[in-house]
Each structure stands twice: as C-alpha cells, then as structure tokens.
Amino acid sequence: MSRALASDSSLRAWVARRQRHSVVYHVGRVLLYAVLIVLSAVFLVPLFWMLTSALKPQPQLFVWPPVWLPDPPQWQNFGEALTIFPFGSYIANTLYIAIPCMLGTVLSSSFAAYGFSRIDWPGRDKVFAVVLSTLMLPFAVTMIPLYLVWRNAGLIGIETPLRGFGPLIIPALLGGGAFNIFLCRQFFMTIPNELAEAARMDGCSELRIYWQVILPLAKPVLATISLFTFLGVWNDFMGPLIYLNSIEQFTVSIGLRQFQFEYGARYDYMMAASTVTTLPIIILFFFAQRTFIQGITLTGIKA
Amino acid sequence: MAATTSMISARGKRGLSRAQRHKLTWGLIFISPWLVGFVLLTLYPMVASLYYSFTDYDVLRPPEWVGLENYATFLTQDNLALTAIYNTLFYAAFAVPLGILVSVALALLLNARVKGLAVFRGVFFVPSIVPVVAASVLWVWLFSTRSGLINLGLQALGLPKVAWLSDPDWTKPALIIMSLWSVGGSVVIYLAGLQDIPQSLYEAAMIDGANIWQQITKITIPLLTPQIFFQLVLGLIGAFQVFVQAFILGSIGGGALGMGSEAGPANSLLFYSLYLYFNAFRFFRMGYASAMAWMLFLITLVSTLVVLRSSRRWVHYGGL
Chain Y
229 MSRALASDSS LRAWVARRQR HSVVYHVGRV LLYAVLIVLS AVFLVPLFWM LTSALKPQPQ
289 LFVWPPVWLP DPPQWQNFGE ALTIFPFGSY IANTLYIAIP CMLGTVLSSS FAAYGFSRID
349 WPGRDKVFAV VLSTLMLPFA VTMIPLYLVW RNAGLIGIET PLRGFGPLII PALLGGGAFN
409 IFLCRQFFMT IPNELAEAAR MDGCSELRIY WQVILPLAKP VLATISLFTF LGVWNDFMGP
469 LIYLNSIEQF TVSIGLRQFQ FEYGARYDYM MAASTVTTLP IIILFFFAQR TFIQGITLTG
529 IKA
Chain Z
112 MAATTSMISA RGKRGLSRAQ RHKLTWGLIF ISPWLVGFVL LTLYPMVASL YYSFTDYDVL
172 RPPEWVGLEN YATFLTQDNL ALTAIYNTLF YAAFAVPLGI LVSVALALLL NARVKGLAVF
232 RGVFFVPSIV PVVAASVLWV WLFSTRSGLI NLGLQALGLP KVAWLSDPDW TKPALIIMSL
292 WSVGGSVVIY LAGLQDIPQS LYEAAMIDGA NIWQQITKIT IPLLTPQIFF QLVLGLIGAF
352 QVFVQAFILG SIGGGALGMG SEAGPANSLL FYSLYLYFNA FRFFRMGYAS AMAWMLFLIT
412 LVSTLVVLRS SRRWVHYGGL
C-alpha cells in the first residue's frame, strides 16, 4: 500500500520535473502568454475604440493615421449626445420593467418549482415535461397571437394601465419562464428532505415551508435568476419593438436603435450613447463577477 | 394538460387517499401561476398561430381560410423566403462551428495553468455581456468602409479596404466576425468543463510519452464533447433566430424592396426572423408570417434531432 503510494508520488514528481526542466516548456510558456496578451488586445480594442471615439472631435474620427487618444478629449460629446438621446427616461422605463420582472420571476418561478419538486402529486412529472417542452418553442410561433392577446386586453399603448409595459412585465408573474423554473427545481431537489419534514411535523403549511425553509436556502440560484432577468430586460429588443409604440416608453436598447436611426452618421454621439448603454452592465459585472460566472456555468447558457 | 386532468379524474373515481388529495391540492396551488401563464401565453397562442397559418389575415378583417396556400407559397413561390433561408443557413454554417472552434481554443489556452486566469477570463467574457444593440452599433462603426477600425487595420497591413456593410458579399462575413467577438460565455462554459478533467489522465499520458497535441486530441477534446454538443444545439437554435444584429447592421448599406432598409444591401442580411417580422408587422401578412413561424419551428426541431442522433457517435459521457 505504502509502496504503491510512494511510487505514485515519485511518478508525479518525475512528470513535474520533466515539465519544468525542459527548454520546450519554458519557450511554450512565453509563447502562451504572448498569444494570450495579443488575443486580449483584440477582444478589448473594440471597447477601447468605442470610448475614445466617443471623446474625439469630429475630424479626428476620420484621419489617417488613426488617432488613439483624442486630443483634447471632448467630454461634452456625452452631454450633447445625452440631450438628444433621452437616456434618463430610457433608463427609468427599463427599470420600470426590470424591477417587477426580477421580483416576479424570482417569486413565481420558485413558487412553481416548489410544486414541481417538493410536493409529490400524481401527474407531476408529466406536467413538468410540458414545462420543458415549451423551451423548444421559438418566440416567433406565439408572437402574433400574443400581440393580439395583449392588444385585446387593452394593455398596449402608453395611456393603458401599467403605461403599456404590461406585456413585458406580466409574463414574469406567471411562471417567469420555463428555464427559470427548471433552474430552481434543479436546486430545490438537492435540498435534503429532513428540514421540510421537521417543519411539517410542527404543523407548518406548505406555503410557510416554501417561504421560510426553502427560499432562504435557494439564495444563490435566485441571485443568478435575478441577474439574468435584469440582463434580459436591458438587452431585450424584440419585445419593446413589438409592444412599445411611443418614444416615451422606449427602453435603453430600443432607444439606442432609435438614436442610430436618427443620428447614425454622428459616430461620436453614437459611441457616447453606446458607452452609456454598456457601462452599467460592465459595472454590474465588476460587482457581481462570481454570480455571472457561476450563473453561466450553472445554466450552460450565455447571458 | 388534458393528460393531467383525465388522470386526476380517473384516479378520483378509484379514490385518492386523503394524503394524496392533500398533495394534489397543494401541488396545483403552487403551479397555478405557471398554469395560467401557460394556457394564456403559450397554449392558446400556439393553437391560434397554427390556425392563422392556414388563413389570410391582415388583422383588420377576420381571418379567411386558405388551406395550405401560405405553406405552398413559402416553399415554392417566394424568392425572398429563399433568400432569407439561404442567408440564415449561411450564417449558421459558419458562425456556429467557428464560434465553437474559437471558444474551445481560448478555453484551452486559459486552462494551461495561466497566472492571472481571472483577468484573462474577464477580458474574453466582457464583450459577451455588452448589450446586443450597443455591440451592433459599435460594430457598424468598426466596419465603416472609410475609417472603421477594421479597415484601418487592413490599410496598416497594406491590404485593400473592404466595403463590409455595403458590399452584399461581405455583410454576412462581417456579421460572423462580430459574432466571434462575443464567444466569452462559451469560453467560461468550456473552461469549467476542462477543469473537471482529472489531472491523472494527463500524467498517465505523459508517462506513456504522449505530446501536448496528442493529449489535446485524445483526452481533452473527447472529454469536452458533452459541452460542445450542448453549445452546438443552443448555437444552432440561436443562429436560426438571429435578429437584432442583422436589423442594426443591415440598416447601413441601403436596403431594397421597400421593406424599410434593415435587410442589408441586396437583401444580403435578410434573415429568417427579420423576414418573418416584416411580414407580420410591416406587411400585416399575419397568416403568412404564422406559417413561416411554424416552418421555423419545424426546421429547429429537425436540426436538433439530427444533431441529437449524430451525438451518439461523437459525444462521450463520462466514459473514463
């Protein structure tokens, strides 16, 4: 036993030595870092170019050789762009949708997931198969009747209840999307049954077990769902394009498109507007890096 | 849903125990918000859209039954539909495999016990979270013929400039290049997969004299196939539905055919979803658009099944 271990560890040491002492290994390491640094530059240059272009005086946008650092930086470009690009109003609209969507999705998807995992009722797994099958359905299939449903419900247009944002908010309250239910259910199934059983013995209702036992334990997955819901609303283009019909209702994404439509030739303004649309997400990434990375590895789905 | 109700009533006749009835009641209470959403926002719209697909419907007048005419027109008489299918398949055929290639390669580089891994990973990841409209607007500027950064780079290398967004031959390659910039999410997924591969496998291979290339092709890639498979399926579904990027980049080169200008020069960026959207909300051909949507569903389903079937031959599930 101990001899086997010894030979195993000496083998490991041999492998490690062989690696560290070869010239090929060191040349390889240098090359590896060189490649990584060049690739990092390639990935970052577009973002750098977005910011510097936003700060350039108009003529410097179009000269050869290109100007890397604007001289002098035109900070007023941001001010000017933001007066014609009503970013404040767009952000307010986006949050008006995003906050109820985040709350609603977290609550309603975990609520449904509780019913699909913690209670064993006849027919449960067959119904859950229906939940999963809706993941395959392209939005285009339901898009047209769905539009008519919301229109007939009198929820499209700024003068309607919820300022016309209903079609973008209400689905979050009704299940919050099959994928989020799936994520929550996966997590709930890993929670051992003893806690809930003990609570049941004490006469707790299912509602209280959901609220006081399961939800507090599910915080990591709920954080992931909130973050991705927020990104989803910030990014959503098709929904606002179909349901929002006046510029006072526009979200940042559709607002930026509107801006491109009107000022597409002013690249300095366009880049300033793109920068302010992107910046909140990048800041969010720096504060919630772990939730981002965990969320992506957990879901296997890109933001 | 019908299955559940019939099952419930069948058991009801035989009589559920009190405990079972209690569980059923609570189960239904918990899923009821989802159930309402499913019936109103998925099931009814599916049935309605299937019905519309057999009608001529412009919203103003009631739908008029035309049988299979929409499907027949789509498959045999609509040149724009052909263009849209061609463009979409072209994009999927290049963007999806290239995306997998680039992101696996980046993940392999990062997996080589790199110092500052979190920083490099962050650098590759950040472009993927740039809001898609902002990213598209940014790439419009990067692809600008006269002074875009890409052409400045080509000029620096002594190469001719390319009219990325106004030459119909270059619009799709431009869109594919842009898609490669946002592979960071996949890189993170592959990296997590790579880190699960036991180190002992590589040690054993090295003792047997395997070089780096052999280790990658014989150990790493086979053990990464479950992730590659998953990304391939999601990538295809995403590529079939690409919309925003085409909508924004396509509004530059001046479109044709009076459908707004979002289809790119010579309709070279008229993607399936774009054409569907135009039919529904610009031309108000709701019946035709519904038929297109069901065809899209069919195409998605078939290609997913094809990939799924092929996966038996190339995906390794934990067979160590």
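Chain order of the listed sequences is Y and Z.
If you count the first sequence from 1, position 223 lands on 451 in this note's numbering, and the numbers rise without skipping.
If you count the second sequence from 1, position 69 lands on 180 in this note's numbering, and the numbers rise without skipping.
For every residue, glycine included, the Cβ atom is placed at its ideal position computed from N, Cα and C.
Computed from a prediction, not measured in an experiment: that's the story for all the values here.
Beta-carbon neighbours of residue i, restricted to chain Z and to distances below 8 Å
i, result
"Y/S454", "Per Cβ cutoff of 8 Å: no residues; Y/S454 is ~15 Å from chain Z at best."
"Y/T505", "P242, V244, A245"
Residue i - partner residues in DSSP beta bridges
i, result
"Z/E175", "Z/D167"
Residue i classed as buried or exposed, judged by whether at least 16 other C-beta atoms fall within 10 angstroms
i, result
"Z/G269", "exposed"
"Z/L286", "buried"
"Y/A232", "With a pLDDT of only 47 at Y/A232, under 50, the local geometry of the prediction cannot be trusted, and no value is derived from it."
"Z/Q89", "Outside the shown range of chain Z (112 to 431) lies residue 89 of chain Z, about which nothing can therefore be said."
"Z/L409", "exposed"
"Y/A368", "buried"
"Z/I261", "buried"
"Y/Y318", "buried"
"Z/L221", "buried"
"Z/K329", "exposed"
"Y/V480", "buried"
"Z/N378", "buried"
"Y/I521", "buried"
"Y/E476", "exposed"
"Z/L179", "exposed"
"Y/N380", "exposed"
"Y/I453", "buried"
"Y/F513", "buried"
"Z/E373", "buried"
"Z/V417", "exposed"
"Y/I510", "exposed"
"Y/S433", "exposed"
"Z/L368", "Legend: pLDDT at Z/L368 = 40, less than 50; position of this residue unreliable, value from coordinates given subsequently. By the 10 Å Cβ count, Z/L368 comes out exposed."
"Y/M364", "exposed"
"Y/T311", "exposed"
7 Å Cβ shell around residue i - same chain, five flanking residues per side excluded
i, result
"Y/S338", "C412, L443, A446, L450"
"Z/F254", "I261, W275, L276, A285"
"Z/V170", "F395, M397"
"Z/A391", "M397, A400"
"Y/N321", "Q477, F478, T479"
"Z/V207", "L343, G346, L347, A350"
"Y/G382", "T388"
"Y/R346", "F416, A424, I442"
"Z/L334", "I308, H427"
Residues that residue i contacts on chain Y, provided the C-beta gap is smaller than 8 Å
i, result
"Z/S384", "A368"
Nonlocal neighbours in the same chain, by C-beta distance under 8 Å from residue i, ignoring five residues either side
i, result
"Y/F515", "none"
"Z/F236", "G295, G296, V298, V299"
Contacts around residue i, its chain only, beta-carbon distance under 6 Å, and the 5 residues preceding and following it disregarded
i, result
"Z/A321", "none"
"Z/S239", "S293, G295, G296"
"Z/E175", "T166, D167"
"Z/W405", "S164"
"Y/A341", "I409, C412, R413, F416"
Interface partners of residue i on chain Y, CB under 7 Å
i, result
"Z/L135", "W349, P350"
"Z/F389", "Neighbours of Z/F389 on chain Y: none; closest Cβ ~12 Å, over 7 Å."
"Z/S160", "V369, T370, I372, P373"
Chain Z contact residues for residue i, given Cβ-Cβ distances below 7 Å
i, result
"Y/M278", "L249"
Residue i: contacting residues in chain Y (beta-carbon distance under 9 Å)
i, result
"Z/P238", "F271, L272, P274, L275"
"Z/R257", "F290"
"Z/L347", "Those do not exist, as Z/L347 stays about 12 Å from chain Y at its closest Cβ, beyond 9 Å."
Neighbour list for residue i in chain Z, Cβ cutoff strictly below 9 Å
i, result
"Y/V263", "L220"
Worksheet item: Going along the segment 397 to 429 of chain Z in order, which residues come within less than 8 Å of chain Y, judged by CB to CB distance?
Response: M397, A400, S401, M403, A404, W405, L407, F408, T411, L412, T415
Worksheet item: Of all the residues that make up the segment 426 to 445 of chain Y, which are near chain Z by a beta-carbon distance shorter than 9 Å?
Response: S433, E434, L435, Y438
Worksheet item: When Cβ atoms are compared, which residues of the segment 283 to 315 of chain Z fall closer than 7 Å to chain Y?
Response: W292, G296, S297, V299, I300, A303, E314
Worksheet entry | Near-chain Z residues of the segment 476 to 500 of chain Y - C-beta to any C-beta below 8 Å | V480, S481, I482, L484, R485, Q488, F489, G492, Y495, M498, M499
Discussion item. Against chain Z, which members of the segment 321 to 351 of chain Y pass a CB distance test of less than 7 Å?
Written reply: S336, F339, A340, Y342, G343, F344, I347, D348, W349, P350, G351
Worksheet item: When Cβ atoms are compared, which residues of the segment 137 to 153 of chain Z fall closer than 9 Å to chain Y?
Response: W137, G138, L139, I140, F141, I142, S143, P144, W145, L146, V147, G148, F149, L151, L152, T153
Fill in: Interface residues of the segment 510 to 526 of chain Y facing chain Z [CB-CB below 8 Å]
I510, F513, Q517, F520, I521, I524, T525
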